[in-house]
Amino acid sequence: MINRTGHVVLLGQKSTVVWSASPTESVQAPILQLLDTGNLVLRNEKDENSENYLWQSFDYPTDTLLPGMKLGWDLRTGLERRLVSWKSPDDPSPGDFVWGITLHSYPESETWKGSNKYFRDGPWNGIRFSGAPELQSNPLFNFKLVSNKNEVYYIFYLKNETAKSRMVVNQTNGYIRIRYAWNSGTQSWEVFASVPRDTCDTYGLCGAYGNCIIGESPVCQCLTGFKPKGNFIDWSQGCVRNKPFDCQDKHSSGFVKIRGLKLPDTTYTWANASVNLKECKARCLSNCSCTGYTNTNISGGGSGCAMWFGDLIDIREFQDGGQDLYVRIHASELGANSERKVKIVVVVLAVIFVVCGMILVAHYIRKIRATRGLEGSFRLTWKNHIEQEVRLRLSVEISRNSLTLMPTKLVLLFVGDPDSEKIEKIIIFG
Numbered sequence: 001m002i003n004r005t006g007h008v009v010l011l012g013q014k015s016t017v018v019w020s021a022s023p024t025e026s027v028q029a030p031i032l033q034l035l036d037t038g039n040l041v042l043r044n045e046k047d048e049n050s051e052n053y054l055w056q057s058f059d060y061p062t063d064t065l066l067p068g069m070k071l072g073w074d075l076r077t078g079l080e081r082r083l084v085s086w087k088s089p090d091d092p093s094p095g096d097f098v099w100g101i102t103l104h105s106y107p108e109s110e111t112w113k114g115s116n117k118y119f120r121d122g123p124w125n126g127i128r129f130s131g132a133p134e135l136q137s138n139p140l141f142n143f144k145l146v147s148n149k150n151e152v153y154y155i156f157y158l159k160n161e162t163a164k165s166r167m168v169v170n171q172t173n174g175y176i177r178i179r180y181a182w183n184s185g186t187q188s189w190e191v192f193a194s195v196p197r198d199t200c201d202t203y204g205l206c207g208a209y210g211n212c213i214i215g216e217s218p219v220c221q222c223l224t225g226f227k228p229k230g231n232f233i234d235w236s237q238g239c240v241r242n243k244p245f246d247c248q249d250k251h252s253s254g255f256v257k258i259r260g261l262k263l264p265d266t267t268y269t270w271a272n273a274s275v276n277l278k279e280c281k282a283r284c285l286s287n288c289s290c291t292g293y294t295n296t297n298i299s300g301g302g303s304g305c306a307m308w309f310g311d312l313i314d315i316r317e318f319q320d321g322g323q324d325l326y327v328r329i330h331a332s333e334l335g336a337n338s339e340r341k342v343k344i345v346v347v348v349l350a351v352i353f354v355v356c357g358m359i360l361v362a363h364y365i366r367k368i369r370a371t372r373g374l375e376g377s378f379r380l381t382w383k384n385h386i387e388q389e390v391r392l393r394l395s396v397e398i399s400r401n402s403l404t405l406m407p408t409k410l411v412l413l414f415v416g417d418p419d420s421e422k423i424e425k426i427i428i429f430g
């Protein structure tokens, strides 16, 4: 109900106030309205702008994100919109998992379990979150991240008014976040996508400078220029540099480009959308604490600059998608890395050369065999053809010494013993 002061109030038994919400300003003609979007809004009935809400339920989500609902921050009021899981399907009290947008210099999508980070989608790269390459254009919904001086939020809209989709933070079936899509045929909600996807989605699994790669054994691998700090069983200690660089010597370090990554945790970053990649490299190189850099926006050829300070944590590599990251290593490692690449190229070219040579030799042998087989077949076929097509046979008894020049269009087929004194010749008119 709405009380006389314009507050939205939920009453329990004996008119006990169970819950209440205050409008942003006092209102003389309050009206409470449930929109088709699912948004419960409080507004002034006399206000000509029907979208001027004094309070709305979309600002206070529970465990579900609906189309048109913002996940993130209103920087003007300090309001944070985030999803919180239920304790169980039958208990809507706050659970352990929280999903929201974290306001670093380079904002990113994070899910927490209690006071610990549990899963990261990574920062927004102009197209999608860097740790969600599967988040692509699809027939169901559009999505975007808005970041300006007033607001930072993620939002999605349905492409078709008849379609239905929602996102739920859950803690009971192993998937902490699920996107559902409505199947009108079966009249039921079906899973469209879910996280975590695999082991590599575990936050910080491979430690500092570790790269989680599904399909590798072990799944944790050190970035180029680094080696395991501990043993190969416990990767929580991460990796350390093969060779530390000298901060006082600007020529002692450089950057290696690593492709297809979920970008590291952005807690200690600096980002600027107006700085290009070349200037970004120079700025990172001039700061001894800078450990890596990349574009903040990968669309349109790339733009903006993000720099990391301190250890690079929670990196994973994707077979498709992901983003380039320039990691700072000792200058000598750059040469070694180039030499390794050259060796790999040489080996690959040698293998290709040998394989091509074997294919050519095999082809040549088959060609020779085919030619020989064709010659034998041709002789036999020609002989049979002649025997069948003979229309006129003239038997002539001639001596060996009387053989004279025959007409050019006559074919002489010798039958019998050519060494005999008299030879029977069958004259075929060609």
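In UniProt numbering, the protein residues as written are 1 to 430. For glycine and all other residues, C-beta sits at the position ideal for the given N, C-alpha and C.
Asked	Found
For V390, three-class secondary structure by DSSP	Residue confidence is low: V390 scores 43 on pLDDT, short of 50, so the model does not pin down where it sits. No coordinate-derived value is stated.
One or two residues paired with C222 in a DSSP bridge	G210
Sufficient close CB pairs (3 or more, under 8 Å) joining the stretch 278-292 to the stretch 124-135	no
Collapsed DSSP secondary structure at R76 in the structure displayed	coil
As assigned by DSSP and simplified to three states, the class of R197	coil
Cβ shell of V8 (< 7 Å), same chain only, five flanking positions each side left out	I2, S20, A21, L32, L42, W55
Length of the line joining the Cα atoms of G304 and P23	39 Å
Where I127 falls: helix, strand or coil (DSSP)	coil
Every unbroken beta strand (DSSP E) within the stretch 272-333, with a cutoff of 3 residues, ordered by chain	290-294, 305-309, 315-317, 323-330
Beta-carbon proximity of L312 to T291, cut-off 7 Å	yes
Within 7 Å, strictly: CB atoms of W235 and C220	yes
Sequence-distant residues of the same chain with beta carbon closer than 8 Å to L75, five excluded per side	K149, N150, E151, V152
Boundaries of the beta strand (DSSP E) in which A21 is found, first to last residue	17-21
Beta carbon of V169 nearer than 7 Å to that of L83	yes
Sub-7 Å separation of E333 and G225 beta-carbons	yes
C-alpha gap between G207 and K117, whole angstroms	13 Å
Residues of its chain near Y180, where Cβ-Cβ distance is below 8 Å and the 5 sequence neighbours each way are ignored	S165, R166, M167, V168, W189, E190, V191, F192
Status (buried if at least 16 other CB within 10 Å, exposed otherwise) for R4	exposed
Cβ-based burial, L325 [other Cβ within 10 Å; buried from 16]	buried
Sub-7 Å separation of S109 and A271 beta-carbons	no
7 Å Cβ cutoff met for I298 and N125	yes
Where L149 falls: helix, strand or coil (DSSP)	Looking at the sequence shown, residue 149 is not Leu but Lys. The answer is coil: DSSP assigns K149 none of H, G, I, E or B.
Residues of its chain near Y268, where Cβ-Cβ distance is below 6 Å and the 5 sequence neighbours each way are ignored	F309, G310
In DSSP terms, what C239 is bridged to	P228
Residues bridged to G100 [DSSP beta-bridge criterion]	E110
Cβ neighbour criterion (16 or more within 10 Å) applied to N44	buried
When I214, P107, P228 are compared against P264, the one with the closest alpha-carbon	P107
Between the CA atoms of N160 and Y53 - distance to the nearest angstrom	26 Å
Helix, strand or coil at F255 according to DSSP, with G and I counted as helix	strand
CB contact flag (E80, W73, <7 Å)	yes
CB contact flag (I214, D198, <7 Å)	yes
Proximity of D201 and F119 at Cβ, strictly below 7 Å	yes
Buried or exposed (CB count within 10 angstroms, at least 16 for buried), S253	buried
Cα-Cα separation, N39 to F58	6 Å
Whole-number beta carbon distance between L205 and C212, since they are thought to touch under 8 Å	5 Å
Close beta carbons around P218, own chain, < 8 Å, minus the five adjacent residues each side	F232, W235
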